[in-house]
Each structure stands twice: as C-alpha cells, then as structure tokens.
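Throughout, the working numbering is defined as the position within the sequence shown, counted from one, plus 2.
Cβ atoms here follow ideal geometry from the backbone N, Cα and C, with glycine treated the same way.
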Amino acid sequence: MLSLLLHALLTSATSAVNNGLARTPQMGWNNWNSLGCDVSQALLLDTSRVLLDSGLRDVGYNYVVLDDCWSDGRGSDGYIIVDKHKFPQGMKWVAKQLHNMGFLYGMYSSAGELTCARYEGSLDHEKEDAQSFAAWDVDYLKYDNCYHKGRFGYPEVSFNRYNVMWEALNATGRPILYSLCSWGEDYVHTWGMSIANSWRVSGDIYDSFSRPDDLCSCTDATNPHCIAPGSHCSVLNIINKVAPYVDRGQYGGWNDLDMLEVGLGGMTDEEYKAHFSMW
C-alpha cells in the first residue's frame, strides 16, 4: 500500500511543468523590494558577492534575480535592447560572472506592452524576448502582469497570455525557471501549475504584517478607486489567501507568496520572524 501511495504522489508530481526545475521552491535575492529601479551591473554583482561571502548561497539562496528597469526600448527587428549605461558589458557577461560564483541568473519582464515601471514589456514579443533570455544564458524569468491590454478577466484569457511565453521559453531549448506573476487573478491556482514553476497567489506584498489596504483586493478595473490593482498586500492577507489551496504546490510548481520584506523597517522583529518562517 505504501509503495502504491508513493507511486501516486510521484505520478502527481510529474503533472506539474516538466522542465526539470524547481524540484524545491526557488530561493535567492531580487533587488525590487529594497532598491526598485536603482539597478546596475555593479550593484547586482556586488550584492551577489555579499550572498556568497555570507554563506547564503551555500544554504540554497542560489538565484540572483534582476527585476524591472534594465531595458532601453525595442529595436526595429523586434528584439529588446539592454540599457548600456546600467549594464555596459551586456547581460551574457553578467550571467557569466554570476555562474562563475555558483549562482543562477534571473531576469524580469511583463506579460504586457509595458513593465510595471513602464519599460518595454514582452506581450506580443514573447518569441524574441525568450530567444534573448536564452542567448544571454538566463536561468529564471519573473513574468509580471502590468499593462496587459485588458487581456484578463477569465481564466482562459490569462492562461493563454502567459502560455505564449511558456511555449517560447521551451522552444529555446534552455531550461529557464518560469515564475508567473499574475497577482493571483483569474484563479491562477487552478492552472498555473500546468505552465509555470511558480505562480503568484496575490498582489504585491508590502512591508506590513496585517494592515488592511483596499488596493490589495482591488480587482475591478471599472472601479474609479482601483488605481493600483495587485499591490499593497500584507503578510497576513497573503497567508489567508494561500491557505485554502496550499496543497496545489508540488515538485516543479509552487504557490508564490511574493518576496520577503525582512529588514525594511515596516514590521517588528517578531513579525519579521513570523513572516520569514511562514514563507
């Protein structure tokens, strides 16, 4: 009976995405919560050395993820352009430095015409951008939900929009962990595991343990007060959201509660401990 149960669990696990990644939930560092758009080649590599020297890499924090604000438009050939002022050696060189330190390299885009900081998005350019990420030796893609041209509101619509990038990444032949960030919209917990290694269960976290904020549950685009949907979700709000379907996570695909806020100053030490422990 035990062997049959084990077989059933392993068989269920293979029903998640099959790119061989995220056998355990991904861990690492992302610049957004602490630095926002203040990104550069030097900052990314300097922080990576801190992760290395502090021993965090050796206990599993092995992804270094560059978030928004790294691009400089799109060329006439349809391919995205890297900001040469921020990243003068280019992304492939950055990836090589990180790989030499034993890290995996993550980047960011949005399933919209613009990213959340209003840089170039990947909507309708998924093939070109996936090819760029693969050519740059990227290992991870965080794929956001801003400026999506209204392509949401039903599970199938959101699934189709995010599935295009999933297929484009697979077509490159390079294993790239796909972190889908649709802010929990359109019942993503029912379909995210079929195309992504992780899927966000809520809007963006912010540095509060329990303070309520109307923007976190702001999902009606016709509401004039809905000025920033998918933002300002407290730790407790996110925990309550994921609790009913925590079992959806499995080898290869995981509920994503968003990034840690530990140390930014908005919670007490005890709240930060609870936040870190639950994540």
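Buried versus exposed call for residue i [16 or more other C-beta atoms within 10 Å across all chains shown]
i      : result
Phe278 : exposed
Met109 : buried
Asn102 : exposed
Met280 : exposed
Lys243 : buried
Ser78  : exposed
Gln91  : exposed
Gly22  : exposed
Leu6   : Any reading at Leu6 must be qualified, since the residue scores a pLDDT of 44, below 50, and its modelled position is unreliable; no value is offered.
Val237 : buried
Arg51  : exposed
Gly284 : For the chain, the structure presents residues 3 to 281; residue 284 sits outside this window and is missing.
Ser184 : buried
Val248 : exposed
Asp260 : buried
Ala245 : exposed
Val19  : buried
Ala173 : exposed
Thr16  : Note that Thr16 scores 43 on pLDDT, short of 50, meaning its location in the model is unreliable and no value can be drawn from it.
Val96  : buried
Ser36  : exposed
Proximity of residue i and residue j at Cβ, strictly below 8 Å
i      : j      : result
Ser212 : Gly268 : no
Trp34  : Asp69  : yes
Ser178 : Leu143 : It is worth fixing the name first, because residue 178 is Ile in this sequence and not Ser. Yes, these two residues count as a Cβ contact at 8 Å.
Arg176 : Ala119 : no
Thr49  : Trp72  : no
Gly131 : Ile82  : The identity of residue 131 in the sequence shown is Asp, whereas the question assumes Gly. Yes, Cβ-Cβ distance for Asp131 and Ile82 is below 8 Å.
Leu217 : Arg202 : no
Ser204 : Ala24  : no
Gly194 : Gly255 : yes
Thr192 : Pro157 : yes
Phe154 : Asp206 : no
Ala113 : Asp85  : no
Tyr63  : Leu47  : no
Cys228 : Cys220 : yes
Tyr65  : Met29  : yes
Strand pairing of residue i, partner residues [DSSP]
i      : result
Trp193 : Paired residue(s): none; Trp193 is not in a bridge.
Met109 : Leu143
Gly38  : In DSSP, Gly38 forms no bridge with anything.
Ser73  : Val84
Tyr65  : Gly30, Leu106
Asn163 : One detail in the question is off: residue 163 reads as Arg in this sequence, not Asn. Bridge partners of Arg163: none, in fact.
Arg202 : Asp258
Tyr180 : Leu143
Leu116 : Glu122
Option in the options with minimal Cα separation from residue i
i      : options                        : result
Gly296 : Asp258, Glu273, Tyr81          : What the structure shows of the chain is the stretch from 3 to 281, and residue 296 is not part of that stretch, so it cannot be assessed.
Gln133 : Trp281, Met167, Gly114, Phe161 : Met167
Ser26  : Lys275, Asp258, Glu263         : For the record, residue 26 in the displayed sequence is Thr; it is not Ser. Closest by alpha carbon: Asp258.
Asp139 : Phe105, Ser181, Gly152         : Phe105
Val67  : Ile240, Ser56, Pro157, Tyr180  : Tyr180
Val41  : His87, Leu54, Ser78            : His87
Gly38  : Arg163, Thr117, Tyr189, Phe161 : Thr117
Asp141 : Arg250, Ser124, Tyr107, Trp193 : Tyr107
Ser111 : Leu47, Phe89, Cys148, Ala97    : Cys148
Leu80  : Lys129, Arg250, Ser184         : Sequence inspection shows Gly at residue 80; the Leu mentioned does not correspond to that position. Selected option, being the one with the closest Cα: Lys129.
Lys98  : Glu115, Gly152, Gln43, Ser56   : Gln43
Asp208 : Leu262, Ala230, Asn172         : Per the sequence shown, the amino acid found at residue 208 is Tyr instead of Asp. Measuring from the Cα of Tyr208, the nearest candidate turns out to be Leu262.
Asn1   : Asp215, Arg250, Asn172         : The structure shown does not extend to residue 1, since the chain spans only 3 to 281, so no value can be given for it.
Arg250 : Asp60, Val190, Asp260, Trp95   : Val190
Leu100 : Arg59, Glu115, Tyr121, Arg76   : Arg59
Leu45  : Asp55, Asn20, Phe89            : Phe89
Ser233 : Thr270, Ala276, Gly186, Gln252 : Gly186
Ile241 : Phe161, Ala276, His150         : Ala276
Interface flag, residue i vs chain D, CB-CB below 8 Å
i      : result
Val264 : The displayed structure is made up of one protein chain only, and chain D is not part of it.
Practice problem: Would you mind listing the beta strand (DSSP E) stretches within the segment 234 to 275 that are 3+ residues and don't spill past its ends, in chain order? | Solution: The segment 234 to 275 contains these whole beta strand (DSSP E) runs: 256 to 258.
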